[in-house]
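In order, the protein sequence lines correspond to chains A and B.
Here the working numbering = 1-based position in the first sequence + 2.
Here the working numbering = 1-based position in the second sequence + 38.
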Amino acid sequence: MKALKNSPKFLTGLIIITCLIVLALMEPYINDYRLKGHSPTEIGLYDIFLEPSWEHPLGTDSYGRDVLALLLNGLKYSLFIGFTAGGLATIIAVFLASLAGYKGGKIEAFITVLSNSILIIPSWPILAIIVLFVKKIDLFTLSVILAFFSWAGPSRQIKPQISSLKARPYVDLARVNNFSDLEIMFKEILPNFLPYILVGFSVAVTGSIMAETALRIVGLGPGDIPSLGQVINWAIYSGAMAIGQYLVILIPITFLILIFVSLNLINVGMDEILNPKLKQITGM
Amino acid sequence: MKQLVKYFLKRVLLYFLIFVISLSAFFFFINLVPGDPVTRYVQQLEQRYGISTPLTEEIVRKYKEAFGLDKDLFTRYILYIRRLVFEFDFGPSFVAFPKPAYSLIVDALPWSIGLLGTAVLTSWILGIFIGTVIGWKRESKVSNFVLICGLVASQIPSYLLALILVMVFSFGLGLFPMGGAYSAALKPGFSFSFISSLIYHAFLPSMSLILIYVFGVMISQRALVINLLGEDFLKLAEAKGLDKKRLIKRYILRNTLLPQATGLAMSLGFIVNGFFLIEWIFNYPGIGRLFMMAIREMDYNVLMGITVTTMFCVLTANLIIEFLYPLIDPRIRRG
Chain A
3 MKALKNSPKF LTGLIIITCL IVLALMEPYI NDYRLKGHSP TEIGLYDIFL
53 EPSWEHPLGT DSYGRDVLAL LLNGLKYSLF IGFTAGGLAT IIAVFLASLA
103 GYKGGKIEAF ITVLSNSILI IPSWPILAII VLFVKKIDLF TLSVILAFFS
153 WAGPSRQIKP QISSLKARPY VDLARVNNFS DLEIMFKEIL PNFLPYILVG
203 FSVAVTGSIM AETALRIVGL GPGDIPSLGQ VINWAIYSGA MAIGQYLVIL
253 IPITFLILIF VSLNLINVGM DEILNPKLKQ ITGM
Chain B
39 MKQLVKYFLK RVLLYFLIFV ISLSAFFFFI NLVPGDPVTR YVQQLEQRYG
89 ISTPLTEEIV RKYKEAFGLD KDLFTRYILY IRRLVFEFDF GPSFVAFPKP
139 AYSLIVDALP WSIGLLGTAV LTSWILGIFI GTVIGWKRES KVSNFVLICG
189 LVASQIPSYL LALILVMVFS FGLGLFPMGG AYSAALKPGF SFSFISSLIY
239 HAFLPSMSLI LIYVFGVMIS QRALVINLLG EDFLKLAEAK GLDKKRLIKR
289 YILRNTLLPQ ATGLAMSLGF IVNGFFLIEW IFNYPGIGRL FMMAIREMDY
339 NVLMGITVTT MFCVLTANLI IEFLYPLIDP RIRRG
């Protein structure tokens with residue numbers, strides 16, 4: 003823990019993502035205050051294409067909505083979907099990786115082939131088709147579908163660690179003491195690789211938000227969940243590029259990039275601390 | 039030699055296994071999801087043209103019959119696989135009826151493979167080069183600066199960069215075309231004006247891939263090089279007084295090529311994911327754009343066909359890379 007405080011990369015990442023999360027959590031209050039109780043997605047609340055001003059720091063869009071309010075609202079949804087889907091994906095990954103690492107043999111081989119297939123094959127078109135044909139899609143369904151495609155990344159981070167932890171003496175000790183498989187997995191092994199789970203979690207969150215944004219930008223998925231991807235989609239289809247309203251597209255993109263970069267910085271920082279040898283060699 | 043044959047056989051077997059598993063998983067996944075394509079398609083038509091007829095259910099039933107969707111899941115699976123394997127046929131396209139989905143895909147595929155292949159290879163080679171340099175000179179300030187840039191740049195999704203590029207360079211500055219693969223005034227052929235127009239149009243789409251992927255390869259190459267620098271055989275080579283060029287070429291590059299090839303194979307799927315959107319953003323006539331058009335029209339057969347085709351292409355590319363391993367690494371050659 004102390005080491006984490008001394009890692010500038012980890013700290014930078016943590017500060018950025020915390021700021022974004024706080025911003026997303028404050029969104030209902032900020033927007034309530036600024037829009038006087040109206041919903042950020044309400045059409046025709048103001049005049050269309052207003053220039054940035056004190057009242058509308060980023061102007062309004064082609065539907066007469068306040069752009070800043072839309073962005074904060076979108077950030078909230080993107081982060082929420084990312085963390086829900088990422089959490090679910092991590093649970094799947096931990097479960098399958100423990101199963102593979104602990105049982106070994108054919109089960110391990112099967113799980114490895116499965117997770118490699120998901121990694122190798124372009125999964126976005128499959129995701130797009132599923133989202134297209136599912137009749138009604140809500141926040142939770144979307145997260146589950148996303149999780150289903152993003153567990154392979156964290157699983158690759160977590161599995162080697164489990165395999166190495168299994169061979170350590172305290173596991174043998176537990177086995178001699180007649181602990182059940184499940185007990186060994188959850189009481190002995192799990193606490194020891196919590197840091198790796200965290201790394202896997204942030205990989206999964208990144209993957210989920212990337213996939214979700216890619217779906218929403220092209221106009222797939224639930225239109226009533228205005229995440230950042232949806233905001234970009236609205237901007238593209240209202241011709242924001244052609245009339246030079248670049249900020250409407252650039253700022254959601256910046257928010258998304260900040261999310262991805264900060265999560266990656268956290269990972270790189272954690273990696274260096276988990277493998278001190280790496281830090282020594284790389285001297286970063 | 040025997041080792042080599044065994045290695046190849048194993049790879050081919052695994053290739054078919056993964057292909058069959060993903061194909062089947064994909065098929066059942068799509069078919070078990072609640073809601074079927076024909077109903078959704080007819081619903082969409084009704085919405086779009088604001089009509090609703092009492093015949094809707096009849097139409098849906100007829101369509102389902104025509105597309106073989108009224109049979110049970112298992113029969114459909116067998117039929118689909120049989121048609122795919124023996125006739126290489128994805129069925130008719132909804133929108134371009136009676137054109138088969140197959141011919142639409144075949145027309146679009148070369149564009150995608152050409153652009154994607156060039157961009158990926160360029161960034162892979164460039165990334166290895168820059169990564170080796172900043173790994174070799176790891177203490178210099180420039181190296182560290184490049185590394186920090188890389189840590190940020192490699193995390194940007196390619197489709198977001200594509201949006202930024204098209205906005206800045208096409209819409210804002212007007213330096214590049216907004217889309218298409220070549221100027222509409224030209225006829226395809228081996229003329230200078232056509233080829234330069236081709237490159238001019240492909241520049242931004244490929245840049246949105248290259249500018250990101252270069253940094254990804256660079257970061258991993260740097261780590262690989264630095265890891266190698268501590269090895270004894272390198273110290274010996276250095277002590278022997280081997281010149282730097284030879285050292286880097288024979289001792290360092292050769293040893294990093296294998297993990298980099300694996301890295302390329304593993305990231306292809308991810309790159310292709312982003313490429314679908316890049317084509318859509320730049321209106322590039324490859325399968326990514328075809329996919330988006332099929333999505334808008336809910337063209338079930340084209341969508342299925344494209345997904346299976348990309349799966350096939352990416353897996354085959356993986357197989358080719360794995361076939362190159364023995365060339366890179368003598369240890370595989372000799373077993």
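We treat Cβ as the ideally placed atom computed from N, Cα and C, and that holds for glycine.
task = Using a Cβ cut-off of 9 Å, pull out every chain B residue sitting near A:Asn-266, in sequence order please.
result = For the purposes of this step, residue 266 of chain A is taken as residue 264 along the first sequence, with counting starting at 1. Going along chain B in sequence order, the residues near A:Asn-266 (Cβ under 9 Å) are Leu-189, Val-190, Ser-192, Gln-193.
task = Give every residue of the same chain whose Cβ lies closer than 6 Å to the Cβ of B:Tyr-251, excluding the five residues on either side of it in the sequence, and list them in chain order.
result = Your numbering for residue 251 of chain B matches position 213 in the second sequence. Answer for B:Tyr-251: Ser-161, listed in chain order.
ask   = Whose Cβ in chain A lies nearer than 8 Å to the Cβ of B:Met-245?
value = Counting from 1 along the second sequence, the entry for residue 245 of chain B is found at position 207. Going along chain A, no residue has its Cβ under 8 Å from B:Met-245, so there is no contact; the nearest lies around 16 Å.
query = Touching or not, the region 297-307 of chain B and the region 98-110 of chain A, by the rule of three or more beta carbon pairs under 8 Å?
reply = no
ask   = According to the Cβ coordinates, are B:Tyr-101 and B:Val-71 closer than 8 Å?
value = Along the second sequence, read from residue 1 onward, the residue named residue 101 of chain B stands at position 63. Along the second sequence, read from residue 1 onward, the residue named residue 71 of chain B stands at position 33. Cβ atoms of B:Tyr-101 and B:Val-71: not closer than 8 Å.
message = What does the alpha-carbon distance come out to for the pair B:Ile-143 and B:Leu-51?
response = Stepping through the second sequence from its first residue, residue 143 of chain B is reached at position 105. Stepping through the second sequence from its first residue, residue 51 of chain B is reached at position 13. So the alpha carbons of these two residues sit roughly 27 Å apart.
task = Work out the CA separation of A:Gln-159 and A:Ser-182 for me, nearest whole Å.
result = For the purposes of this step, residue 182 of chain A is taken as the residue at position 180 of the first sequence. For the purposes of this step, residue 159 of chain A is taken as the residue at position 157 of the first sequence. Cα to Cα, the separation comes out at about 25 Å.
query = Can you tell me whether B:Pro-243 is buried or exposed, with buried defined as 16 or more other CB within 10 angstroms of its CB?
reply = The residue given as residue 243 of chain B occupies position 205 in the second sequence. B:Pro-243 comes out buried.
ask   = Going along the region 208-222 of chain B in order, which residues come within less than 8 Å of chain A, judged by CB to CB distance?
value = Phe-209, Gly-210
key: Test: B:Arg-86 CB closer than 8 Å to a CB of chain A   = Start at 1 with the first residue of the second sequence, and residue 86 of chain B comes out as number 48. Cβ-Cβ to chain A under 8 Å: no for B:Arg-86.
query = Would A:Thr-284 count as contacting chain B if we go by Cβ distances under 8 Å?
reply = If you number the first sequence from 1, residue 284 of chain A lands on position 282. Note that A:Thr-284 scores a pLDDT of 47, beneath 50, so its modelled location is shaky and nothing firm can be said.
request  = Identify each residue in the region 356-367 of chain B for which the Cβ-Cβ distance to at least one residue of chain A is less than 9 Å, and report them in chain order.
outcome  = Asn-356
ask   = Name the chain B residues whose beta carbon is nearer than 7 Å to that of A:Trp-126?
value = For this step, residue 126 of chain A is matched to residue 124 along the first sequence. Neighbours of A:Trp-126 on chain B, chain order: Asn-311, Phe-314.
inquiry  = Could you check whether the Cβ of A:Leu-134 sits closer than 8 Å to any Cβ belonging to chain B?
reply    = Stepping through the first sequence from its first residue, residue 134 of chain A is reached at position 132. Yes, its Cβ sits closer than 8 Å to a Cβ of chain B.
query = If A:Pro-162 and A:Gly-202 are in contact, beta carbons under 8 Å, what's the gap, nearest whole angstrom?
reply = Numbered from 1 along the first sequence, position 160 holds the residue referred to as residue 162 of chain A. Numbered from 1 along the first sequence, position 200 holds the residue referred to as residue 202 of chain A. Not a contact, Cβ separation roughly 11 Å.
ask   = Is there at least one Cβ from chain A nearer than 8 Å to B:Met-331's Cβ?
value = Taking the second sequence and counting its residues from 1, one reaches residue 331 of chain B at position 293. No, because no Cβ of chain A sits closer than 8 Å to the Cβ of B:Met-331.
Interface residues of chain A facing B:Leu-353 [CB-CB closer than 8 Å] = Residue mapping note: residue 353 of chain B aligns to position 315 of the second sequence, counting from 1. Here the neighbours are Ile-122, Ile-123.
query = Alpha carbon to alpha carbon, how far is B:Lys-225 from A:Leu-116?
reply = Start at 1 with the first residue of the second sequence, and residue 225 of chain B comes out as number 187. Start at 1 with the first residue of the first sequence, and residue 116 of chain A comes out as number 114. If you take the alpha carbons of B:Lys-225 and A:Leu-116, they lie about 46 Å apart.
task = Within the region 121-165 of chain A, note down every full alpha helix (DSSP H) run reaching 4 residues or more, in order along the chain.
result = 126-135, 141-152
inquiry  = Pop quiz: A:Leu-222 and B:Ile-333 are said to be a contact at Cβ under 8 Å. What is the actual Cβ separation, rounded to whole angstroms?
reply    = In the first sequence, residue 222 of chain A corresponds to position 220, counting from 1. In the second sequence, residue 333 of chain B corresponds to position 295, counting from 1. That pair is a contact at about 7 Å.
ask   = Counting pairs of Cβ atoms below 8 Å between the region 315-331 of chain B and the region 148-155 of chain B, do you hit three or more?
value = yes
Given B:Gly-218 as reference, the closest of B:Ala-355, B:Leu-341, B:Pro-323, B:Phe-183 once Cα atoms are compared = Taking the second sequence and counting its residues from 1, one reaches residue 218 of chain B at position 180. The option with the nearest alpha carbon to B:Gly-218 is B:Pro-323.
message = Within 8 Å of any Cβ in chain B, is that where the Cβ of A:Tyr-65 sits?
response = Stepping through the first sequence from its first residue, residue 65 of chain A is reached at position 63. No, its Cβ sits nowhere closer than 8 Å to a Cβ of chain B.
key: Interface partners of A:Leu-200 on chain B, CB under 7 Å   = Within the first sequence, the letter at position 198 stands for residue 200 of chain A. Ordered by position in chain B, no residue passes the 7 Å Cβ test against A:Leu-200, which lies about 17 Å from the chain.
message = Any beta carbon from chain A within less than 8 Å of B:Ser-60's own beta carbon?
response = Along the second sequence, one-based indexing puts residue 60 of chain B at 22. Closer than 8 Å: yes.
task = Report the residue from A:Ile-19, A:Thr-114, A:Ile-131, A:Arg-67 whose alpha carbon sits nearest the alpha carbon of A:Leu-217.
result = As a first step, residue 217 of chain A must be located in the first sequence, where it is residue number 215. Checked all of A:Ile-19, A:Thr-114, A:Ile-131, A:Arg-67; the closest Cα to A:Leu-217 is A:Ile-131.
request  = Identify the continuous alpha helix (DSSP H) that holds B:Met-331 and give its terminal residues.
outcome  = In the second sequence, counting from the first residue as 1, residue 331 of chain B sits at position 293. Segment 325-335, the alpha helix (DSSP H) holding B:Met-331.
key: Rounded straight-line distance, which links the Cα of B:Val-263 to that of A:Leu-81   = As a working mapping, residue 81 of chain A is identified with position 79 in the first sequence. As a working mapping, residue 263 of chain B is identified with position 225 in the second sequence. In a straight line, the C-alpha of A:Leu-81 is about 36 Å away from that of B:Val-263.
key: Local Cβ density within 10 Å of A:Lys-11, reported as buried at 16 or more and exposed below that   = Counting from one through the first sequence, the residue named residue 11 of chain A turns up at place 9. Label assigned to A:Lys-11: buried.
key: C-alpha gap between A:Ser-210 and A:Ala-87, whole angstroms   = Stepping through the first sequence from its first residue, residue 210 of chain A is reached at position 208. Stepping through the first sequence from its first residue, residue 87 of chain A is reached at position 85. Cα to Cα, A:Ser-210 sits roughly 6 Å from A:Ala-87.
query = Since B:Ile-56 meets chain A, which of its residues come closer than 9 Å, beta carbon to beta carbon?
reply = Taking the first residue of the second sequence as 1, we reach residue 56 of chain B at position 18. The contacting residues are Val-115, Asn-118, Ser-119, Ile-122, Ile-123.
inquiry  = According to DSSP, simplified to helix, strand and coil, what is B:Pro-138?
reply    = As a position in the second sequence, residue 138 of chain B is number 100, starting the count at 1. In this structure, B:Pro-138 counts as strand in the three-state DSSP scheme.
key: Reference B:Asn-311, options B:Cys-351, B:Val-255, B:Leu-185, closest by Cα   = Along the second sequence, one-based indexing puts residue 311 of chain B at 273. Minimum Cα distance to B:Asn-311 is reached at B:Cys-351.
request  = Output the distance between the C-alpha atoms of B:Asn-69 and A:Leu-90, rounded to the nearest integer angstrom.
outcome  = Against the second sequence, residue 69 of chain B aligns to sequence position 31. Against the first sequence, residue 90 of chain A aligns to sequence position 88. Going from the Cα of B:Asn-69 to the Cα of A:Leu-90 covers about 23 Å.
ask   = Can you tell me whether A:Gly-285 is buried or exposed, with buried defined as 16 or more other CB within 10 angstroms of its CB?
value = Against the first sequence, residue 285 of chain A aligns to sequence position 283. Per-residue confidence for A:Gly-285 stands at a pLDDT of 45, beneath the threshold of 50, marking its modelled position as unreliable; no derived number is given.
task = Measuring only between beta-carbons, confirm whether A:Val-205 sits less than 8 Å from chain B.
result = Reading the first sequence from its first residue, position 203 is the one you call residue 205 of chain A. Taking Cβ atoms only, chain B never reaches closer than 8 Å to A:Val-205, which makes this a no.
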